[in-house]
Structures are given as structure tokens and as C-alpha cells.
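Asker: Position one of the sequence shown corresponds to residue 158 (our numbering), numbered consecutively onward.
Just so it is clear, CB atoms sit at the ideal spot from N, CA and C, and this is done for glycine as well.
Here the structure is a predicted model, which means the values were calculated and not measured.
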Amino acid sequence: MAYDPTETLLFDMTDDGVLTMTLNRPEKKNAANHVMWDDLLATFQQVRHDPDVRVFIITGAGDGFCSGADLGADGPKRHQLAAMRHIHDVAIGLHELPMPTIAKVNGVAAGAGLNMALGCDLIVASDRARFSEIFARRGLTVDFGGTWLLPRLIGVHKAKELAFFADVIDATEAERFGIVNHVVPHDDLDAFVGDWAGRLAAGPPIALAQTKALLNKSMSQTMDEALDGEGWAQTVNFSTRDTREAVSAFLEKRDPKFEGH
158 MAYDPTETLL FDMTDDGVLT MTLNRPEKKN AANHVMWDDL LATFQQVRHD PDVRVFIITG
218 AGDGFCSGAD LGADGPKRHQ LAAMRHIHDV AIGLHELPMP TIAKVNGVAA GAGLNMALGC
278 DLIVASDRAR FSEIFARRGL TVDFGGTWLL PRLIGVHKAK ELAFFADVID ATEAERFGIV
338 NHVVPHDDLD AFVGDWAGRL AAGPPIALAQ TKALLNKSMS QTMDEALDGE GWAQTVNFST
398 RDTREAVSAF LEKRDPKFEG H
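(1) Whole alpha helix (DSSP H) runs in the region 300-335 with 4 or more residues, listed along the chain?
(2) One question on the structure: do asparagine 181 and leucine 198 come within less than 8 Å of each other, judged by their Cβ atoms?
(3) Counting only runs that start and end within the region 181-239, where is the beta strand (DSSP E) found for 3 or more residues in a row?
(4) When DSSP labels each residue in this structure, what does valine 175 get in the three-state scheme?
(5) Within the continuous alpha helix (DSSP H) that includes serine 405, where are the two ends?
(6) DSSP on aspartate 347, reduced to helix/strand/coil?
(7) Suppose you measure from the CA of histidine 243 to the CA of alanine 260; what does that come to, to the nearest Å?
(8) Answer yes or no: do arginine 205 and leucine 275 have a C-beta to C-beta separation smaller than 8 Å?
(9) So isoleucine 336 and isoleucine 280 are in contact, right, with Cβ under 8 Å, and what is the actual spacing, rounded?
(10) For aspartate 284, which of Ala218, Gly225, Phe415 and Val340 has the nearest alpha-carbon?
(11) Do you know how far the Cα of alanine 370 is from the Cα of serine 405?
(12) Taking all protein chains shown into account, decide if phenylalanine 407 is buried (16 or more other Cβ within 10 angstroms of its Cβ) or exposed.
(13) Look up leucine 251 in the DSSP assignment and say whether it is helix, strand or coil.
(14) Whose C-alpha, out of Glu164, Asp347 and Phe213, is nearest the C-alpha of methionine 193?
(15) Rounded to whole angstroms, what's the CA-CA distance from methionine 241 to valine 262? Just pull it up for me.
(16) Smallest Cα separation from leucine 297: which of Leu310, Ala282, Ala323 and Glu318?
(17) Give the DSSP bridge partners of arginine 287, in chain order.
(18) Mapping DSSP to helix, strand and coil, what is leucine 275?
(19) Consult DSSP for histidine 245 and reduce its assignment to one of helix, strand or coil.
(20) Could you name each continuous beta strand (DSSP E) segment of 3 residues or more that falls completely within the region 367-394, going from the start of the chain to the end?
(21) Going by alpha carbons, who is nearest to alanine 188 out of Glu330, His252, Gly268 and Gln203?
(22) Check whether the Cβ atoms of alanine 226 and threonine 179 lie closer than 8 Å to each other.
(23) On the DSSP letters alone, give me the boundaries of the beta strand (DSSP E) that leucine 420 sits inside.
(24) Pull up the DSSP beta-bridge partners for threonine 163, would you.
(25) Who are the near neighbours of alanine 354 in its chain, counting only those whose CB is closer than 7 Å to its CB and skipping five residues on each side?
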């Protein structure tokens, strides 16, 4: 599928199936207005059904990742609850992407911008990145899935600390909290994420998608339910050409070539 630039998003697709989406409102630190919310929802719906996308990366233009919702922007006249349901759909759209997702955090990630990063499977941060659940400073409650994501990532007490105080923390502190997977020098960010994305793109798409789904469900399941899910997933895997290719590659002492079939 083709990914043409929109008013608020830019796209780059590599030959090995790595799609990078760049939030493109640098003059606002990539804060999301109603146009960006619409563009994000449409993109997530398209990517979800695109077998050519092996890995999906989100980053920001300029020196910011995403500073949250643009509270000063004009938008369609609708009840606030309706507006929040639309943002709900965007967050779910990101969460339900079947392929591995990486947040490449190049600068500030605040409010819904932080929670968009947390909604990705992996987070790699520049040493210039800054993070904040800034909602309380604006008289607001945490949204874009943050109340669900944070406790699962760092525990309830640490989640409350970030949400109640709304402090801005640097990348090193974010790594200590357990928010990010890795912090790298700013100039190394592209290369590090590119390496991870390339390795994931070369992996088995069906198996990785099932592993992602099982891990996403794990916090609300019993051990018995998790084992049952693993059994169904492995049964599917053993019916694929990719698993047969992996076994052949192992026996022939070569790298496997996975095609998603």
C-alpha cells in the first residue's frame, strides 16, 4: 500500500517493510490537533491490514516527539465526550496493530504524546528526550490509555507518582522508572532504531504478531488461559511455511527467510 503524506504526518517505507510515521507539526512540538487525530486513526486502520508492513515506527519532526494534545487548536464543534471517544479510537488503533511498534523518542513526549509512546511495544529515547504525564498541571486526568499502560509498565505506585506530580523527567530518569527500553546518544538514535527495526523486519511476522497479542493479554489472564493461548498460537505456527523454513534453515546452518505465510 502507498502511504502519502498528510497535513500532519510524513511516511517513509523501506524495502524490508519498515514503515516510519513522523508526526509533523514541529512548530507545536508535534502537538495533536483534530486533523492529526483523524490522520492517526486513518493511518492505524490502514497499517493494521497491510501485510507489507513488518515494523511500524513513530517519531516526531524537529526537536520534539509529541507534546500532547494541542489544547489551543480549533476543531469541530462536538461534545467533549464525543471528542474523547475519538481519541479512544486512536489509542485502540495503535494498541491493536499486529506488527511490532517502536517509539523513536527524539525530544519531548508529554501528556497524550507520552502515552502514545507507551502504547508502542518498544521505546528508544534520545538522551535529549523529556517525559511528562503533564495532565495534572492542566487540571486534567491522564488519558490516551495512560491509566492502563503505566501501571502495567512500572507498577501502580510509580504510576501515581508520575501522574499526581506531573513532573518532567529526563531520559535517564525515564529509564530508571522503566518507561523506556534504551537511552542512546541523540546522534545514534536513528542507527539504533534502524538496527532494531531491521532485525524485527527479518523475523517471522505471524509468530511475532501472536507473541505480541499474547503478551498484551497476559496481565488479565490466568496461567491456564495463557497456556491455552500459547497452545493455539503454536498450532498456527506449525502450519506455516515460515516455521518449516526456520527448521530447514537451522538444519542447513543458514539464516531463515521469513515471508509471513
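Answerer: Taking the structure as given:
(1) For the region 300-335, whole alpha helix (DSSP H) runs of length 4 or above, ordered along the chain, are 303-311, 313-322 and 328-334.
(2) Contact check for asparagine 181 against leucine 198 fails: the beta carbons are separated by 8 Å or more.
(3) Runs of the beta strand (DSSP E) inside the region 181-239: 212-217 and 221-223.
(4) Three-state DSSP puts valine 175 in a strand.
(5) For serine 405, the enclosing alpha helix (DSSP H) has its first and last residue at 398-408.
(6) DSSP, reduced to helix, strand and coil, places aspartate 347 within a helical segment of the structure shown.
(7) So the two alpha carbons sit approximately 22 Å from each other.
(8) Going by C-beta atoms, arginine 205 is not nearer than 8 Å to leucine 275.
(9) About 7 Å; that satisfies the 8 Å criterion.
(10) Just measuring C-alpha positions, the residue of Ala218, Gly225, Phe415 and Val340 sitting nearest aspartate 284 is Val340.
(11) Counting only the Cα atoms, alanine 370 lies some 27 Å from serine 405.
(12) The residue in question, phenylalanine 407, is exposed, as its Cβ has fewer than 16 Cβ neighbours within 10 Å.
(13) Helix at leucine 251.
(14) When the alpha-carbon of methionine 193 is set against those of Glu164, Asp347 and Phe213, the nearest one is in Glu164.
(15) Approximately 24 Å, taken between the alpha carbons.
(16) Minimum Cα distance to leucine 297 is reached at Ala323.
(17) Partner(s): Val265 and Asp327.
(18) Helix.
(19) Assignment of histidine 245 by DSSP, reduced to helix, strand and coil, places it in the helix class.
(20) Entirely contained in the region 367-394, not one beta strand (DSSP E) run reaches 3 residues.
(21) For the residues Glu330, His252, Gly268 and Gln203, the minimum Cα distance to alanine 188 belongs to Gly268.
(22) In this structure, threonine 179 does not lie closer than 8 Å to alanine 226 by Cβ.
(23) No information on residue 420 is available, as it lies outside the stretch 158 to 418 that the chain covers here.
(24) Looking at the DSSP output, threonine 163 bridges to nothing.
(25) Correct list, in chain order: Val175, Val212, Ile214 and Ile259.
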